[in-house]
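Chemist: Here this note's numbering is used: the first residue of the sequence shown is 385, the next is one more, and so on.
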Amino acid sequence: MSIDGSQRRVALLLVLLVAVLYQGTLRSGFHYDDFHAVVRNPHLSLSNTVNFFHDPSMFSVNPESAMYRPWLLTTFSLNRAVSGDRPWSYHLGNVMLHAANTVAVLWLLRLLGLSAGACALASVLFAVHPLNSEAVSYVSSRSQLLATLGVLLFCSLTLRASTTTHRLTGVVCLIMALMSKSVAIVSPALALLGWQRTQDHSPSGDHSSSGEGQSVANRTRILWASVVAVVLVVYLTLIRSLLAKAVFDAPVRDRFAQVATQAKALGYYLWLTVMPVRLSVEHQFDVSRALDPIVGLAALFVGSLAIVCYKGRGTWRWGSLWWLICLLPTTVVPLIVLVNEHRLYGAGIGALVLIAVVLSSLHLKCRPVAAGLIAAYTIMLALLTVQRVDVWRSESSLWQDAAQKAPASLKAQLRWADVLDSEGEFELAEQAYLRALALRPFHAAARNNLGRSYLVRGRLDEASLQFQALLERSPDNVPARMNLGQTYFRQGQMSEARNQYEAALGFDLTQGRAQLRIAQIGLHENGSTAEILDWLDRAWEAGERSVDVFVSRAIALRRAGQLAEALSAYQSAIAINADSPDVWYNLGNLYVEQGNETAAAQAYVEAIRNAEEGSVIRRSAQDRLRALKVRQTSP
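1. Could you check which residue in Leu951, Ser527, Glu809, Arg824 has the C-alpha nearest to that of Ala792?
2. Would Leu893 count as contacting chain C if we go by Cβ distances under 8 Å?
3. Considering just the uninterrupted stretch of the alpha helix (DSSP H) at His475, what are its terminal residues?
4. What's the C-alpha gap between Leu405 and Ile939?
5. What does the alpha-carbon distance come out to for the pair Gly927 and Asn516?
6. Count the other C-beta atoms from every protein chain shown that fall within 10 angstroms of the C-beta of Gln771, then say buried if there are 16 or more, exposed otherwise.
7. Within a Cβ cutoff of 6 Å, which residues of the same chain sit near Val466, ignoring the five residues on either side of it in sequence?
8. Exposed or buried, which one is Phe934 when buried takes at least 16 other CB atoms within 10 Å?
9. Please classify Trp655 as buried or exposed, where buried requires at least 16 other C-beta atoms within 10 Å of its C-beta.
10. Please classify Ala796 as buried or exposed, where buried requires at least 16 neighbouring CB atoms within 10 angstroms.
11. Give me the residue from Leu481, Ser964, Gly945, Glu915 with the minimum Cα distance to Ser930.
12. Buried or exposed: which applies to Gly842, given that a residue is buried once 16 or more other Cβ atoms fall within 10 Å of its Cβ?
13. Indicate the three-state DSSP secondary structure (helix, strand or coil) for Glu856 in the structure shown.
14. Does the distance from the CB of Ser571 to the CB of Val617 come in under 8 Å?
15. What are the start and end residues of the alpha helix (DSSP H) that includes Arg701?
16. Please return the same chain residues whose Cβ sits closer than 7 Å to the Cβ of Leu336, not counting the five positions on each side in sequence.
17. Where do the N-terminal and C-terminal ends of the alpha helix (DSSP H) with Gly835 fall, by residue?
18. Cα separation between Leu396 and Val775?
19. Between the stretch 619-638 and the stretch 713-731, can you find at least three pairs of beta-carbon atoms closer than 8 Å?
20. In whole angstroms, give me the CA-to-CA distance for Val479 and Pro863.
21. Looking only at its own chain, which residues have a Cβ that is under 7 Å from the Cβ of Glu811, when we skip the five neighbours before and after it?
22. Trp919 by DSSP, collapsed to three states: which one?
23. Express the C-alpha separation of Leu505 and Ala630 in angstroms, rounding to a whole number.
24. With a 10 Å radius around its C-beta and 16 neighbouring C-beta atoms as the bar for buried, classify Ser912 as buried or exposed.
25. Going by other Cβ atoms of all chains shown within 10 Å of its Cβ, with 16 needed for buried, is Tyr890 buried or exposed?
26. Glu915: which of Ala944, Leu893, Ala888 sits nearest, CA to CA?
27. Less than 8 Å between the C-beta atoms of Leu947 and Gln978, yes or no?
28. Going by DSSP in three states, Leu823 sits in which element: helix, strand or coil?
29. Counting only runs that start and end within the stretch 398-435, where is the beta strand (DSSP E) found for 3 or more residues in a row?
30. Below 7 Å, is the gap between the Cβ of Asn516 and the nearest heavy atom of the ligand GTP?
31. Please go through the same chain and pick out, in chain order, the residues whose beta-carbon is closer than 6 Å to the beta-carbon of Ala736, but skip the five residues on each side of it.
32. Could you name the residues of the same chain whose beta carbon sits closer than 7 Å to that of Leu917, not counting the 5 residues immediately before and after it, in chain order?
33. Can you list, in chain order, the residues of its chain whose CB lies under 6 Å from that of Ser524, leaving out five sequence neighbours each side?
34. From Ala766, Leu462, Val753, Val989, pick the residue whose C-alpha is nearest to that of Leu398; which is it?
35. Suppose the cutoff is 7 Å on Cβ atoms and the five residues either side in sequence are ignored; what does the same chain contact list for Gln904 look like?
36. Quick check on Thr547: does DSSP put it in helix, strand or coil?
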């Protein structure tokens, strides 16, 4: 079945509708997981495309966050080639994918035999539903968009598998879906569900007109199923270590708690689909246990839905089973996040089809009332989507919204506090951190981040108390030890600071940061140059590549009278960060000591240009530059 001219016009209108609703995302920024998976990910380059397919660690700047999503990384690399780290092209890509998915929904529903009106209405609901705004507005959720597109095309091409080209294209779409997100593993079940729906819908069952034709059709189906099975086996082999870790080796919760929690989530998801009025990036949702009465109600709901699936026919059976099958992977596999909205992106198609069928049937019985109801419901969804797009505009608006809607959510309060702290709203950030600690007094990140906020503001005694309280309960918390060491350093307690850095080395390698801090303590105490340089060498070997390594080395060498070596170290620092006023200022001082006043003046000018207005380093550079000019003009 092909899409006729009227359906093509509907498809064009759907694309325009998506463009209007989501044009605001082009002005949005990156959000939480985007920073480690996209912004700071050094692997995102088209030259790494082949490597994406055999190295899951390239998914993130953090190797421990490895995921096998090579097709997703390829699209991100294309975005980086287009716009660098500016987010507009990433968001444009997501909007285009949502538009493509909307048209793919229209095509699949027509192939399933739904009426033109029901197909159009379901596709419109999919285009405008605010539950989908997270998947579209959040760059990292592109995996869901890509996987859904691959699933929809695979299912559609399975129904149209009349030629070898259709079959091969379908296999390619399945592979692309799996290479985007593992939830696409349910694609064959969804395709089988669609095929069964068309068989039930057909008045004559199998359309083969002869025994020979039936035999050929059966052999084709067996070959098709075999190819799909091989694809799934290869994929499961590729992700076996990641899957084993998530399900068997180190699951984030036990199996009963996982199933009980997700059973409760199914009812919650259905409510959000019908009436999406309190959407949020962080829903206030708890893990369920054995005696939780809500779990019993959820079990009844799931049982009732299973009966509908078993006894129902046609669209009702297809829509219910599509919804359940799509949510099966996240029901079985324990994930850190209990519920989120982008999981419903593909699954919601089944529920929205049922809503469209109900509204369409009302339209046949009572046209004026139904038309008004359909229009009102669609407009309400569209307005809510525009509102959600605005919420996703920035990290600040996103987490403020989440903190207000989920006051008992530790994650929402902590993220909101971190955003406030990064924006310089220290008093509001302190209040948010304290709210987070009231929810969980010994939460490591909340207490450490509060202490860090105090440290940045110079409230050193309060910072020290926070870090000490955390370390009393978690002595192996390396970030807290490093921060406590820095607090002691700023308080002038060098011995205590050194003890903390050495203790941190006992728990973790610190990627060279602790070694650098110990070297800086040596500089502050005018320690042995050889010992300072030794600690700096250790820092470099451990992975510390900051400007501070070269600046500290230059200072130590300058004190030892090795001015040429010190100059080389400063030049290395500038090669890493030419905008550091500290480096330019210290380099100017070195040039003065060498008698190169012209170069010194240029270095001080660079220090002034890069330093903040009114800062100590800027004033010092200005004073030294004036002194040089006076000396140069004196007879």
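C-beta atoms are modelled at their ideal positions from N, C-alpha and C, and glycine is treated no differently.
Modeler: The structure says:
1. It is Arg824.
2. The structure shown contains no chain C; it holds only a single protein chain.
3. It spans 472-495 - the alpha helix (DSSP H) in which His475 sits, taken as one unbroken run.
4. Cα-Cα distance, rounded: 57 Å.
5. For the pair Gly927 and Asn516, the Cα-to-Cα distance works out to about 41 Å.
6. That one is exposed.
7. Contacts found: Ser473.
8. Classification of Phe934: buried, given that the 10 Å Cβ count is 16 or more.
9. Under this definition Trp655 is an exposed residue.
10. Here Ala796 is buried: its Cβ has 16 or more other Cβ atoms, across all protein chains shown, within 10 Å.
11. For Ser930, the nearest C-alpha among the options comes from Ser964.
12. Per the 10 Å Cβ criterion, exposed.
13. Three-state DSSP puts Glu856 in a helix.
14. Contact: no.
15. Run containing Arg701: 698-716, per the alpha helix (DSSP H) assignment.
16. In the structure as shown, the chain starts at 385 and stops at 1019, and residue 336 therefore has no counterpart that could be examined.
17. The continuous alpha helix (DSSP H) containing Gly835 extends over residues 828-840.
18. Taking C-alpha positions only, Leu396 is separated from Val775 by approximately 27 Å.
19. They touch, by the three-pair rule.
20. Their backbone Cα atoms lie some 39 Å apart in a straight line.
21. Same-chain partners within the cutoff: there are none.
22. Assignment of Trp919 by DSSP, reduced to helix, strand and coil, places it in the helix class.
23. Take the alpha-carbon of Ala630 and the one of Leu505: they are about 38 Å apart.
24. Ser912 comes out exposed.
25. The sequence shown places Gly at residue 890, rather than the Tyr named in the question. Answer is exposed; the Cβ neighbour count stays below 16.
26. Glu915 has its Cα closest to that of Ala944, out of Ala944, Leu893, Ala888.
27. Contact annotation: Leu947 and Gln978 have beta-carbon atoms nearer than 8 Å.
28. Leu823 falls in the helix class under three-state DSSP.
29. Here no run is fully enclosed.
30. For the ligand GTP, the structure offers nothing, since it holds no ligand at all.
31. Here the sequence assigns Leu to residue 736, which means Ala is not the residue at that position. The answer, listed in chain order, is Ala506, Leu509, Phe510.
32. Annotation for Leu917: Arg937, Ala940 place their beta carbon closer than 7 Å to its own, counting only its chain and skipping 5 residues before and after.
33. Non-local beta-carbon contacts of Ser524 in its own chain, meaning distances under 6 Å to residues more than five positions away in sequence, involve Asp417, Asp418, Ala421 in chain order.
34. That would be Ala766, whose Cα lies nearest to the Cα of Leu398.
35. Around Gln904: Ser936.
36. Thr547 falls in the coil class under three-state DSSP.
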